[in-house]
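Enquirer: When the sequence shown is numbered by UniProt numbering, its final residue is 431 and no position is left out of the sequence of numbers.
Beta carbons: idealized from backbone N, C-alpha and C, even for Gly.
This structure is in structure tokens; I'll ask about it shortly.
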Amino acid sequence: MEVVSDLAATSEKPRSKDYNLPSFLDCHEDLRRRHFIPSQEKLRSILELSLSYRRVLDEDMHLARHLGLPLMSNTMAKNIDAIFKSPRPQLIEVVSACEDNITWSDVADANYNPVPQEDGSYHLWISSRKATVGLSEFDHNLLLSGVIQQLVHPLSYEPDVQMERDALFLATSEITAWNQIASELVETNKYLLEKLKEKANSLSSQESMNPEAQVPDCPEHVVAESQNTSSSKGGTKNFANNGKAWDPYAKDLVPKWFEARKHLPKKQIELEFERDFGHRRKHSSIYAVWYQKKGKEKSKQKKALRRQGKPSLLHDTSYYQTTKTSDCNESSLGSTSNPENLLAVVSPPNDAYPTPESATEAVPMQTEPQSRRPGNALHTDVQYDMSMNAAESDTLDGVLEMNQTRRKGFLGESSHWYDLLKQQDLANIPH
1 MEVVSDLAAT
11 SEKPRSKDYN
21 LPSFLDCHED
31 LRRRHFIPSQ
41 EKLRSILELS
51 LSYRRVLDED
61 MHLARHLGLP
71 LMSNTMAKNI
81 DAIFKSPRPQ
91 LIEVVSACED
101 NITWSDVADA
111 NYNPVPQEDG
121 SYHLWISSRK
131 ATVGLSEFDH
141 NLLLSGVIQQ
151 LVHPLSYEPD
161 VQMERDALFL
171 ATSEITAWNQ
181 IASELVETNK
191 YLLEKLKEKA
201 NSLSSQESMN
211 PEAQVPDCPE
221 HVVAESQNTS
231 SSKGGTKNFA
241 NNGKAWDPYA
251 KDLVPKWFEA
261 RKHLPKKQIE
271 LEFERDFGHR
281 RKHSSIYAVW
291 YQKKGKEKSK
301 QKKALRRQGK
311 PSLLHDTSYY
321 QTTKTSDCNE
331 SSLGSTSNPE
341 NLLAVVSPPN
351 DAYPTPESAT
361 EAVPMQTEPQ
371 SRRPGNALHT
381 DVQYDMSMNA
391 AESDTLDGVL
401 EMNQTRRKGF
411 LGESSHWYDL
421 LKQQDLANIP
431 H
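Listed below in structure tokens is the structure:
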């Protein structure tokens with residue numbers, strides 16, 4: 001990014017795209033983790049708590065004991081362990097590893113429906129603890145009498161009954177408050193969803209009404225390499241924008257950037273552009289921006305020359321250029337690259353009717369055309385060798401006839417200057 005930084009220093013107004021801002025996908029996970037996931041986890045924990053209360057009430061368990069309140073029945077439950085044959089019931093099967101601390105009070109609270117086994121023992125499923133325990137025949141007979149259940153049952157003691165009643169009242173009031181907050185949350189979320197959809201639809205409608213503001217995110221193999229649009233003066237104007245609009249700030253930097261790299265291969269230029277500007281562009285798109293900038297600079301130079309009264313060389317010489325033939329590089333009037341020779345010929349003298357001598361003086365020294373072919377080369381001296389062969393004479397006659405034709409078309413057949421020049425050419429022919 002050093003090249004972009006150097007070029008950016010020459011610009012006056014940096015824009016927001018000068019900074020390397022992360023995209024929404026880069027911020028997506030962090031945004032969810034900071035603003036949405038914590039609230040979602042809190043709501044899920046409240047749901048799990050409500051489900052646990054529901055299980056206690058569905059299985060006719062005691063809420064006060066589930067909440068861990070001090071009960072007299074809990075004190076009696078600690079004393080019943082010595083009545084049974086073993087301190088803890090035998091664990092046969094357990095669903096969760098955290099349910100392995102099952103006590104005899106859990107067995108007494110469970111719905112007692114034992115399953116007899118072949119060896120004379122019994123298996124009991126405790127739904128509240130999601131475990132199966134094994135009971136001996138002695139344990140089975142003790143539980144079957146109902147004495148143990150009465151000792152550990154909270155409703156057997158008045159303080160435990162009052163504790164259960166208070167726990168139920170507290171849970172009722174708190175869950176009612178939960179429902180009120182949850183109802184407000186649901187209504188607010190419904191309103192938020194409607195507003196979010198409305199705002200999204202509004203943005204979509206604005207993009208459809210203003211398609212120039214859209215930046216299509218299409219794969220490169222389906223993006224047109226150039227885009228032709230009609231200009232105000234007719235024809236087409238090729239932007240070669242690779243299917244994506246140019247950022248004005250980057251477009252100002254590209255001409256100077258490309259000027260230093262236009263000698264490199266196309267692939268290398270595309271790779272360096274992606275490295276320096278952070279996105280891909282085709283070589284044709286980069287070249288089009290540079291060429292457009294170069295054309296504007298040339299146009300400004302021409303306008304400046306016109307304001308100074310100095311027309312460009314290309315405009316002046318194009319009027320006097322004559323058609324070149326395969327055998328002649330220059331006409332007999334002189335080099336076309338020197339407009340002064342032609343101006344001397346076409347500029348009339350001061351006399352209204354010049355004499356042949358004055359006309360001859362106005363005409364500069366003529367240089368005979370030389371052929372590009374060595375075999376047909378013509379001498380530039382005025383005096384020719386009298387031993388010139390017939391082929392050279394024919395070539396010279398053809399050149400003279402061609403020069404006369406050019407002058408005839410340039411000066412006009414009825415022009416007095418044409419007659420004077422024709423006499424001069426006839427005088428220069430070797431006899």
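#1: Would you give the residue range spanned by the beta strand (DSSP E) that residue 123 belongs to?
#2: Can you find the residues in the same chain that come closer than 7 Å, C-beta to C-beta, to residue 275, ignoring five residues on each side of it along the sequence?
#3: Residue 89 and residue 144 - do their beta-carbons sit closer together than 8 Å?
#4: Which one or two residues does DSSP pair with residue 90 in a beta bridge?
#5: Ignore the nearest five residues each way along the sequence and tell me which others in residue 109's own chain have a CB closer than 6 Å to its CB.
#6: Going along the chain, which residues of its own chain have a beta-carbon closer than 8 Å to the beta-carbon of residue 290, five neighbours each way excluded?
#7: Candidates 128, 132, 181 and 78: which alpha carbon is nearest residue 121's?
#8: If you draw a straight line from the C-alpha of residue 38 to the C-alpha of residue 23, how long is it?
#9: According to DSSP, what are the bridge partners of residue 115?
#10: Pairs of beta-carbons, one from the segment 30-37 and one from the segment 123-132, closer than 8 Å: are there three or more?
#11: What are the start and end residues of each continuous alpha helix (DSSP H) run of 4 or more residues lying completely inside the segment 52-80, in chain order?
#12: Determine whether the beta carbon atoms of residue 154 and residue 161 lie at a separation below 8 Å.
#13: What residue range is occupied by the uninterrupted alpha helix (DSSP H) comprising residue 102?
#14: Taking residue 151 as the reference, give the member of 117, 76 and 207 with the closest Cα.
#15: May I ask you to report which of helix, strand or coil DSSP gives residue 169?
#16: Along the alpha helix (DSSP H) that carries residue 28, what are the first and last residues, could you check?
#17: Quick check: the segment 60-67 against the segment 79-94, are at least 3 beta-carbon pairs closer than 8 Å?
#18: Which of helix, strand or coil does DSSP assign to residue 83?
#19: When the Cα of residue 139 is compared with those of 130, 116 and 59, which residue comes out closest?
#20: Using alpha carbons as the reference points, say which of 137, 101, 157 and 277 lies closest to residue 114.
#21: Do residue 281 and residue 272 have their C-beta atoms closer together than 8 Å?
#22: Taking C-beta to C-beta, are residue 72 and residue 191 nearer than 8 Å?
#23: Quick one: grab the DSSP three-state call for residue 235.
#24: For residue 264, which of helix, strand or coil comes out of DSSP?
#25: Within its chain, find whatever has a CB closer than 7 Å to the CB of residue 164; leave out the 5 residues flanking it on each side and keep chain order.
#26: Using CA atoms only, rank isn't needed, just tell me which of 268, 252 and 279 is closest to residue 296.
#27: Check the C-beta distance from residue 53 over to residue 167 and give it rounded, since I have them as a contact under 8 Å.
#28: Decide if residue 105 is buried, meaning its Cβ has at least 16 other Cβ atoms within 10 Å, or exposed.
#29: In this structure, does DSSP put residue 341 in helix, strand or coil?
#30: Compute the beta-carbon to beta-carbon distance between residue 283 and residue 266, rounded to the nearest angstrom, for a pair I have assumed lies under 8 Å.
#31: If residue 130 and residue 95 are in contact, beta carbons under 8 Å, what's the gap, nearest whole angstrom?
#32: For residue 281, does the three-state DSSP call read helix, strand or coil?
#33: Which same chain residues, not among the five before or five after residue 142, have their C-beta less than 8 Å away from its C-beta?
#34: How about residue 250 and residue 277: do their beta carbons lie closer than 8 Å?
#35: Residue 46 and residue 178: beta carbons closer than 8 Å?
Expert: With the given structure in hand:
#1: 122-126
#2: none
#3: no
#4: 134
#5: none
#6: 254, 255, 258, 259 and 262
#7: 132
#8: 23 Å
#9: 123
#10: no
#11: 63-66 and 72-79
#12: yes
#13: Residue 102 -> no alpha helix (DSSP H), and no H or E assigned at all.
#14: 76
#15: helix
#16: 24-31
#17: no
#18: coil
#19: 116
#20: 137
#21: no
#22: no
#23: Summary for residue 235: the model assigns pLDDT 42, below 50, so the residue's position carries little reliability; its value from the coordinates is reported in the next sentence. In the structure shown, residue 235 sits in coil (DSSP, three-state: anything other than H, G, I, E or B).
#24: coil
#25: 62, 63, 64 and 154
#26: 252
#27: About 11 Å; that fails the 8 Å criterion.
#28: buried
#29: At residue 341, the pLDDT of 45 sits below 50, so the modelled position is not reliable; the number obtained from the coordinates is stated separately. Of the three classes helix, strand and coil, the one that applies to residue 341 here is helix, per DSSP.
#30: 4 Å
#31: 4 Å
#32: coil
#33: 83, 84 and 148
#34: yes
#35: yes
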